[in-house]
Amino acid sequence: MAFRGKHSLALTTSAVALLLAACAGGGGTASGDGRVSGDVNTVNTVNTVNTAKVATGGTATYSITYPISNWNVLNSAGATYSVLDISGVLLPSAFMIKPDHTPVRNETIVTSAEKVGDSPQTIKYTIDPKAVWSDGKPITADDFVYTWRALDPRECPKCQASNTAGYDRIKSVKGSDGGRTVTVVFDKPYVDWQALFSPFLPAHVAKTYGATDTAEGLEKSFNEGFAKSVPKFSAGPFRIQEYTSDGSVVMVRNERWFGPPPNLDKLVFRLITDVAQQPTSLANGEVDVIYPNPQVDIVQQVEELPAVRYQVTPGASVHKLWLNLNARALQEVAVRKAIFQAVRVQDVIDKTIGQFDDTAKPLLSHMFVDGAPGYSDVVSEYDYGVGDVEKAKKTLTDAGYTGVGSKLADPDGKAVPPLRIVVQAGDQLRASEAQLVKAALAPLGLDVQVATVANTIEAVQEGNWAMTVATVTQSPFSATSNIPYYLSCPDDETFCRFNLNNYGNPKVDRLLNEALSATGAEEATKKLQEADRIVSSDYAILPLYQNRSFLAYSAKLGNVRDNSLGFPTYNTEQWGLLGES
């Protein structure tokens, strides 16, 4: 999971209905402070803002926040925000996401993708004959086969896949016409089939990491080869030329790119882990584009910068407070319920993103964002986020806890240990949220310790945590996007996919799988709504709010725009310096 999570092809819960601000061009108009507004009801504004004629040549530098320790974006430890940005440039996908959050066939890669049978469900893809990897090897059905097998736990039980939904329902993937036609047959129906193979990995590169015809070989290539090796391959407009000693990535044009030629000569991803320094780097020209978590001080700094444009838009992701169900102190539902009763979500909003966006409000669902089909309030009846300390104290007292309000002890008289909430270093937004949670729980007699860590995903996997604030992506494929977070882990695992806290409920598992097998979106939504309510009754995850995306860039750049699911890097071949070629 990206801890400001999105995926260029992890497709979002609903199309954007509200554009808070958009870049200049394509229907947007700039205000004096660089914030640009457009017609909020026009999808074309979202998809075409900052459209401009640009020159050929030059370099653009994009800031990334998280150091890269795993390059495999399909690996649960690799789907960090930085890797998602970079992979959006390099990896091919059958479908892609537009800024309005609608999935569309990636015409550069596949000339057709359609369902050709219902019993069994059968999908046929036709790969463009011009499509090749940067080493000249053609993109073929073999790449689809490898990606399926690596992401299907039946084929590779130990592959650390970020999401197996859909792949675990495939019966076969076969190529024909020299590998340019791909036929996928399912052994169970899969409503969200358009979410698959977006992106996919090169099979011929996988073989250089070891044999891929066995589960062991798949595991080695997926968990080690693609994870530990800087990608020398690309099927996008740029390829990696250098991974520098300071953690930055330098890209140059991919000479074998088969799509519209890029305008820029070079694209640089510069690592700046201190988000507070990113506006300064933008101001002095060290970087041209920043995409940090929105924080009031960051937004205010950017507002004062000359020759800078920025967007604030409703994001495709949501902030949630996760409770680690493996932690001894949190295995009792009474403690979890009391935590959710004591935290007032509106206070968290008012003291963070509400300072620059007064439309932000508490999220009342686990599985949908506000405005999406299926969204309804499933948390209020369970006292989520009400900020009622007295009610929380009563919950603990009724459950037999003592020392409520001073030093909490469980019904056996054992002291409740400190609760460690882990926060990514340099992420001031989550640090602020963690401090607000700490303050809210102190009156209960709970000792919350905020711990700054270099890599949140690694810290969560290590298990030494009780709480964390993580951002998860919701996609138009609601069943698929919720599987990684709410489907139970196997019995011998305490962390899987993006199920950070080892949540599991057999009823939720059944409903999620029924949603995946639904014959249409309406049926799937009904199943997810039922699961949504059950998740609330388990007090494992506290929804906070729908995230905002904040993109700022030099006014000299054209065709840069926000895409909260597809990432701003979804169209880097169009980026360029203003001016005519």
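Going letter by letter, the sequence shown gives residues -24 to -1, 1 to 557 in mature numbering (1 follows the signal peptide of the UniProt record, and there is no 0).
C-beta: ideal position from N, C-alpha, C; glycine also.
Only a predicted model underlies this, so the values are computations on that prediction, with no experimental measurement involved.
Presumed contact (8 Å Cβ cut-off) between residue i and residue j, rounded CB distance
i: V30; j: G555; result: 7 Å
i: K296; j: V424; result: K296 to V424, Cβ: 17 Å. No contact.
i: P255; j: V161; result: Wrong, their Cβ atoms sit about 51 Å apart, outside the cutoff.
i: N230; j: S110; result: 5 Å
i: G350; j: S257; result: Not quite, the Cβ-Cβ distance comes to about 41 Å (not below 8 Å), so this is no contact.
i: T249; j: G402; result: 5 Å
i: P68; j: F176; result: 6 Å
i: D241; j: G552; result: Between G552 and D241 the Cβ distance is about 10 Å, and since that is not below 8 Å, they are no contact.
i: V86; j: S63; result: In fact, because the Cβ distance is near 18 Å, the residues do not count as touching under 8 Å.
i: G527; j: Q287; result: Correcting the residue type first, residue 527 is Leu in the shown sequence and not Gly. Right, the Cβ-Cβ distance comes to about 5 Å (below 8 Å), so this counts as a contact.
Residue-chain proximity (residue i, chain B), Cβ-Cβ < 8 Å
i: Q276; result: Included in the structure is just one protein chain, with no chain B present.
From the options, residue whose alpha carbon lies closest to that of residue i
i: W233; options: K503, P213, E195, G112; result: P213
i: G186; options: V228, F176, K242, Y122; result: Y122
i: Y521; options: A494, C135, D333, H77; result: D333
i: L395; options: A191, V311, P105, D111; result: V311
i: A70; options: D76, S63, V80, I62; result: V80
i: R251; options: V272, D241, N239; result: With the sequence shown as reference, residue 251 is identified as Val, and Arg is not the correct amino acid for it. Answer by Cα proximity: V272.
i: S382; options: A418, D403, Y358; result: A418
i: V433; options: T21, R229, Y57, T37; result: It is worth fixing the name first, because residue 433 is Ile in this sequence and not Val. Of T21, R229, Y57, T37, the residue nearest in Cα terms is Y57.
i: S293; options: P519, A497, Q450, L518; result: Q450
i: V362; options: K242, A407, A314; result: A314
i: A117; options: K150, E90, P338; result: K150
i: N477; options: A531, T371, Q307; result: Q307
i: A283; options: T41, V22, S530, G552; result: S530
i: P178; options: G201, L412, P236, D163; result: G201
i: L533; options: K208, Q331, T37, V22; result: T37
i: Q322; options: L372, A491, V413, H342; result: V413
i: A416; options: A516, T378, V324; result: V324
i: T78; options: T98, V22, D94; result: V22
i: T328; options: G376, I274, N46; result: I274
i: T444; options: T84, S45, Y166, A516; result: A516
i: Y92; options: W169, D359, T373, S39; result: Looking at the sequence itself, residue 92 is Val, so the reference to Tyr does not match. Checking every option, the nearest Cα to that of V92 belongs to W169.
i: T32; options: N239, V309, T188, N523; result: N239
i: I146; options: D388, L492, T335, E498; result: L492
i: F173; options: S205, W124, A53; result: W124
i: Q217; options: R486, V226, A446; result: V226
i: N431; options: E280, N46, A28; result: N46
Chain-order list of residues whose beta-carbon lies under 7 Å from that of residue i (same chain, five-residue window excluded)
i: S224; result: V244, F245, R246, L247
i: D144; result: D128, P129, R130
i: Q404; result: V251, A252, Q271
i: K502; result: none
i: A305; result: V311, V392, P393, L395, A442
i: T102; result: V86, T87, S88, R156, T157
i: V484; result: Y462, A507, I510, V511
i: V380; result: K369, L372, T373, L420, G421
Strand pairing of residue i, partner residues [DSSP]
i: P544; result: Answer is none; P544 lacks a bridge partner.
i: A528; result: I266, Y286
i: A89; result: Y101
i: P79; result: I73
i: Q522; result: V294
i: I40; result: L247
i: D242; result: Strictly speaking, residue 242 in this sequence is Lys, with Asp absent from that position. Beta-bridge pairing links K242 to T35, V228.
i: G480; result: Answer is none; G480 lacks a bridge partner.
i: N51; result: A137
i: L554; result: V30
Same chain, Cβ closer than 8 Å to residue i, neighbours up to 5 away in sequence not counted
i: W441; result: N300, A303, R396, I397, V398, A427, A435
i: P237; result: P213, R229, E549
i: A318; result: G363, D364, V365, A368, A416, L417, P419, L420
i: residue 558; result: One cannot answer for residue 558 here, as it falls past the ends of the chain, which runs -24 to 557.
i: C132; result: R125, A126, A191, L194, E195, F198
i: S408; result: Q271, K327, T328
The ligand MN heavy atom lying under 7 Å from the CB of residue i
i: D538; result: Of the ligands one can find in the structure shown there are none, so the ligand MN has no counterpart to examine.
Same chain, Cβ closer than 6 Å to residue i, neighbours up to 5 away in sequence not counted
i: P114; result: V108
i: P460; result: N139, R473, F474
i: P43; result: G223
i: S525; result: T289, G291, D538, S540
i: V65; result: G212, F214, T545, T548
i: A141; result: T456, I459
i: E262; result: none
i: A137; result: L127
i: T159; result: K100, K150
i: N17; result: Confidence in N17 is poor, its pLDDT being 38 and thus under 50, which makes the residue's placement too unreliable to answer from.
Handout entry: Whole alpha helix (DSSP H) elements within the segment 384 to 472, 4-residue minimum
Key = List check, alpha helix (DSSP H) in window: 404 to 417, 432 to 438, 454 to 462.
Practice task
Taking only runs that begin and end inside the segment 266 to 318, name each unbroken alpha helix (DSSP H) of 4 or more residues, in chain order.
Solution key: Here the runs fully enclosed are 272 to 279, 309 to 318.
Exercise for the section: Counting only runs of 3+ residues fully inside the segment 105 to 179, write out the beta strand (DSSP E) ranges in chain order. Expected result: Listed in chain order, they are 146 to 152, 157 to 162.
Exercise for the section: Counting only runs of 4+ residues fully inside the segment 179 to 232, write out the alpha helix (DSSP H) ranges in chain order. Expected result: Segments of the alpha helix (DSSP H) lying fully in the segment 179 to 232: 179 to 184, 191 to 195.
Practice task
Taking only runs that begin and end inside the segment 348 to 379, name each unbroken alpha helix (DSSP H) of 4 or more residues, in chain order.
Solution key: For the segment 348 to 379, whole alpha helix (DSSP H) runs of length 4 or above, ordered along the chain, are 365 to 374.
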